[in-house]
Amino acid sequence: MSSRNLGRHFRSVTGTTPLQWLLTQRIRHAQQLLETTDDTIAAATGMGTATTLRRHFSRTVGVPPDTYRRTFRSRTRPRPNNGGQHHQHAEL
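According to this note's numbering, numbering within the sequence shown proceeds without interruption in unit steps and concludes at 137.
#1: How about Leu51 and Ala75: are their beta carbons less than 8 Å apart?
#2: Mapping the DSSP letters down to three states, classify Val108 as helix, strand or coil.
#3: Distance check for Gln65 and Leu78, CA to CA, integer angstroms please.
#4: Measure the C-alpha to C-alpha separation of Val58 and Thr105 and round it to an integer number of angstroms.
#5: Give me the residue from Thr116, Phe117 and Ile72 with the minimum Cα distance to Ala95.
#6: In the DSSP assignment, find the unbroken alpha helix (DSSP H) run with Ser48 in it and report its ends.
#7: Can you give me the start and stop residues for the alpha helix (DSSP H) that Ala75 sits inside?
#8: Using a Cβ-Cβ cut-off of 7 Å (strictly less than) and excluding sequence neighbours within five positions of Ala89, which residues of its own chain qualify?
#9: Count the other CB atoms within 10 Å of the CB of Met92; is the residue buried (16 or more) or exposed (fewer)?
See the structure below:
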């Protein structure tokens, strides 16, 4: 099968091009890594460089990777109360 035929068949089945499908998978993997690790992730997602990851991630998700990570982390990690000091409250 020629690459052109493969591309047409792929698009008819998935609704997207092979390259766009691959990019979407890489972005999904990047989201998972941003949500679960503090590691740098460009190479692990196949994007190569942080610049390439940032460009594609921002275009697809709507925010840069560092903003995505901060937003996700602020929703999942409890924030310390009063600078990390814990106060006991008397039951009324």
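Glycine included, each C-beta is placed from N, C-alpha and C at the ideal position.
Quick look at the numbers:
#1: Along the sequence shown, one-based indexing puts residue 51 at 6. Along the sequence shown, one-based indexing puts residue 75 at 30. Contact flag unset, no.
#2: Here residue 108 refers to the residue found at position 63 of the sequence shown. Note: Val108 maps to coil in three-state DSSP.
#3: Translated into positions along the sequence shown, residue 78 becomes position 33. Translated into positions along the sequence shown, residue 65 becomes position 20. Rounded to the nearest angstrom, the two C-alpha atoms are 20 Å apart.
#4: Here residue 58 corresponds to residue number 13 of the sequence shown, with the count starting at 1. Here residue 105 corresponds to residue number 60 of the sequence shown, with the count starting at 1. Each residue's alpha carbon lies about 22 Å from the other.
#5: Numbered from its first residue, the sequence shown carries residue 95 at position 50. Comparing Cα positions, the closest option is Ile72.
#6: The count along the sequence shown starts at 1 and reaches residue 48 at position 3. Unbroken alpha helix (DSSP H) run through Ser48: Ser48 to Thr59.
#7: For the purposes of this step, residue 75 is taken as the residue at position 30 of the sequence shown. Element bounds for Ala75: Pro63 to Thr81.
#8: In the sequence shown, counting from the first residue as 1, residue 89 sits at position 44. Closer than 7 Å at Cβ, skipping near neighbours: Leu78.
#9: On the sequence shown, position 47 is the one that residue 92 refers to. It is buried - the Cβ of Met92 has at least 16 other Cβ atoms within 10 Å.
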